[in-house]
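For reference, the structure is listed below as structure tokens.
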Amino acid sequence: MTAKYMLDTNVVSAIVSRRSEKLLEKVTATPPGQFCVSAITAGEIEFGLALRPEATRLRHAVSLFMAEVNILPWNGEVALSYGRLRARLVKAGLGLGSIDMLIAAHSLHEGRILVTNDKAFFAIPGFAVEDWNA
Numbered sequence: 072m073t074a075k076y077m078l079d080t081n082v083v084s085a086i087v088s089r090r091s092e093k094l095l096e097k098v099t100a101t102p103p104g105q106f107c108v109s110a111i112t113a114g115e116i117e118f119g120l121a122l123r124p125e126a127t128r129l130r131h132a133v134s135l136f137m138a139e140v141n142i143l144p145w146n147g148e149v150a151l152s153y154g155r156l157r158a159r160l161v162k163a164g165l166g167l168g169s170i171d172m173l174i175a176a177h178s179l180h181e182g183r184i185l186v187t188n189d190k191a192f193f194a195i196p197g198f199a200v201e202d203w204n205a
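Note that my numbering has the sequence shown beginning at 72, numbered continuously upward.
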């Protein structure tokens, strides 16, 4: 089964730390196999954990969660999608952080709905994005 939703870093963090009841309800109500993350998100999560080596419980919770989602690889085709998206956003005068732009390009390329609470993604015209905390 192909995952329908790509989870942004802030959503993975909120799920693992159980910070949002509303988000957890949506995740629980969604059939298994519907979630994926970008390799970029996996890298961001690992970066956060590396900054907190004492957070062994958190690392364990992240490991359990990440074992249940498909981590989509970043490849040459995704890189080309990134270049096109970045050019389009620059021409439109829209700003997006570098990492966010990589994740957006990956989600667009894979045809996934990005689940995030980062409002910057909602400014991208034609981008499939949902905020499950709203």
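Glycine included, every Cβ here is placed at the ideal spot set by N, Cα and C.
None of these values were measured; they are calculated from a predicted model.
Residue pairing from DSSP places residue 143 in a beta bridge opposite 109. In the DSSP assignment, residue 186 is bridged to 78, 201. Boundaries of the alpha helix (DSSP H) around residue 181: 169–181. Nearest in C-alpha terms to residue 189, of all of 128, 122, 144, 203, is 203.
Setting aside the 5 residues that flank it on each side, residue 186 is surrounded in the same chain by 76, 78, 82, 201, 203, each with a C-beta closer than 6 Å to its C-beta; the list follows chain order. When only Cα atoms are considered, residue 181 and residue 111 end up about 14 Å apart. Distances from the CA of residue 107 to each of 177, 191, 196 were compared; the closest alpha carbon is that of 177. Per DSSP, reduced to three states, the secondary structure at residue 166 is coil, with no helix or strand assignment. Bounds of any alpha helix (DSSP H) do not take in residue 191, whose DSSP letter is neither H nor E. If you ignore the 5 residues before and after residue 169, its C-beta comes within less than 8 Å of no other C-beta in its own chain. Taken through DSSP and simplified to helix, strand or coil, residue 104 comes out as coil. In the structure shown, residue 99 adopts helical secondary structure according to DSSP, grouped into three states. A direct Cα-to-Cα measurement between residue 166 and residue 160 gives close to 7 Å.
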